[in-house]
Amino acid sequence: MAGHTSRRRPVRSDDRAGRPPGRGPDRLPARLALRRWWNAINLTTPLGLVLALGSGCSVRRGPLGLVLATGYRWPFPDGGAFTVGNVVLFRARTVITPQLLAHESRHATQYAWCAGLPFLVLYAAAVGWSLLRTGDTASRNVFERRAGLEAGGYRERPVRWPRRRA
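Per my numbering, residue 6 is the first one in the sequence shown, and the count goes up by one each step.
Okay, here's the thing in structure tokens:
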């Protein structure tokens, strides 16, 4: 057709060249996209964003459908990193490793499976159980064990109660 110009957008020269948007290697797998959507709907990701912004964190998109918030300064909770919905909040000196991100990503999935906010109550109960059994918050905490104790920077402590009789 004479005088007709194409309205297609220019082809990019990077690794996504020629592919429609959303079809490249950076596309989020369906299970992680569903988790991201569900944690937004169940209000845990919005709560995480409020905590991040309220505590002065800088916020950016991260891998695995997570939102990374660095520079958390409030005293509670006291760990180097914690997750609320799909938002992972890090203290300023925490080293962010792939293992730690995988651990926190599992917590984001746990929020989704627990329908969001009920996870906070269930997690608190698991902390209490672990404290009673081992004296620390993670060793017998089912959520930390399922997320990977070592990946989260925890060391497993022995059960101190109840003691088995020989």
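From the three backbone atoms N, C-alpha and C, an ideal C-beta is built for every residue, glycine too.
Reduced DSSP category for residue i - H, G, I as helix; E, B as strand; rest coil
i	result
PHE148	helix
ARG14	Summary for ARG14: the model assigns pLDDT 41, below 50, so the residue's position carries little reliability, and this model does not support an answer.
PHE87	strand
LEU154	coil
TRP166	coil
TRP133	At residue 133 the sequence reads Gly, which differs from the Trp that was named. In the structure shown, GLY133 sits in a helix (DSSP, three-state: H, G or I).
ARG160	coil
THR139	helix
Enclosing beta strand (DSSP E) for residue i [first to last residue]
i	result
TYR77	72–77
VAL64	63–66
Reference residue i, options the options, closest by Cα
i	options	result
ARG96	GLY140, ARG165, VAL64, VAL126	VAL64
SER60	PHE81, GLY67, ARG41	PHE81
ALA117	PHE148, LEU137, TYR159, THR139	PHE148
PRO34	THR102, LEU56, PRO68, ASN44	PRO68
TYR128	PRO167, ALA156, THR142	THR142
GLY140	ARG150, ALA156, GLU161	GLU161
ask   = Which runs of the alpha helix (DSSP H), 4 residues or longer, sit entirely within the segment 93–130?
value = As summarised for the segment 93–130, the continuous alpha helix (DSSP H) elements at least 4 residues long and confined to that stretch are 103–118, given in chain order.
Every unbroken beta strand (DSSP E) inside the segment 28–59 [3 residues or more] = none
query = Touch check for the segment 114–127 and the segment 42–59: three-plus C-beta pairs under 8 Å?
reply = yes
query = Are the segment 103–116 and the segment 78–95 in contact at 8 Å, needing three or more beta carbon pairs?
reply = yes
query = Would you call the segment 69–80 and the segment 95–107 touching, i.e. three or more CB-CB distances under 8 Å?
reply = yes
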